[in-house]
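Asks:
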Amino acid sequence: MRVAPLAILLALFSQLSWAGDKEIAYLSADLDKDGKPDSVLVLEEGTEADPDQLNFVVQFGNGIKLQNNKLVRKSGLNESSGLSLKLLANGSVLVRSVKDWGTSNWVSDIYLSFREGKLKISGFDHEWYYR
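In the working numbering, the protein residues as written are 1 to 131.
1) Here's the rule: buried if 16 or more other CB atoms are within 10 angstroms of the residue's CB, otherwise exposed. What is ILE64?
2) If we ignore side chains and look at the alpha-carbon of each, how far apart do PHE56 and GLU45 end up?
3) Leaving out the 5 sequence neighbours to the left and right, which residues in its chain are closer than 8 Å to ARG115 when beta-carbon positions are compared?
4) Per DSSP, ARG96 forms a beta bridge with which residues?
5) Taking the C-alpha atoms as reference points, what is the distance between ASP32 and GLY82?
6) Tell me the rounded alpha-carbon separation between SER113 and ASP50.
7) Report the partner residues of ASP125 according to the DSSP bridge assignment.
8) Among GLY102, THR103, SER108, SER104, which has the Cα closest to the Cα of VAL95?
9) Which of the three DSSP states, helix, strand or coil, is assigned to PHE114?
10) Where ASP100 and ASN62 are concerned, what is the direct C-alpha to C-alpha distance, given to the nearest angstrom?
11) Please report the residue range of the beta strand (DSSP E) in which GLN67 lies.
12) Taking the alpha carbon of ASP34 as the reference point, which residue from PHE124, PHE60, VAL98, LEU88 has its own alpha carbon closest?
13) So for LEU27, helix, strand or coil by DSSP?
14) Could you give the residue range of the beta strand (DSSP E) that holds ASN55?
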């Protein structure tokens, strides 16, 4: 039975960090519907030149890895706010950033979908409010 080795690999992958990066968010799902689990990670990889940089990584079950360090930013996030990943019922991934401290607050949602063999941004919402 292959379930146990697969579960072990997924558990190990969820603990991985590339080049000492800190994991901010993690999600496992079959995004491309090929029957193999895919992983979505957001890693903190700030540099001296850009301390707010986050690395968005998608590791597909077939070995293809996509990375983007411009999709999400750490700017404005702290312990009382955050960034999360959620699999939606339609198979899309919701990447939510929330700044909920101080007087100027916001919620930013990016929707990602696997369509036509590509991972695409399928929607964006941004809400800003003043307390």
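Idealized CB from N, CA, C, for every residue including glycine.
Replies: Reading off the structure:
1) exposed
2) Straight-line Cα distance between these residues: approximately 10 Å.
3) SER122
4) When DSSP reads this structure, ARG96 sits in a beta bridge with SER84, ASP109.
5) 27 Å
6) 28 Å
7) ASP109
8) SER108
9) strand
10) 38 Å
11) First-last of the beta strand (DSSP E) with GLN67: 65-68.
12) PHE60
13) strand
14) 54-59
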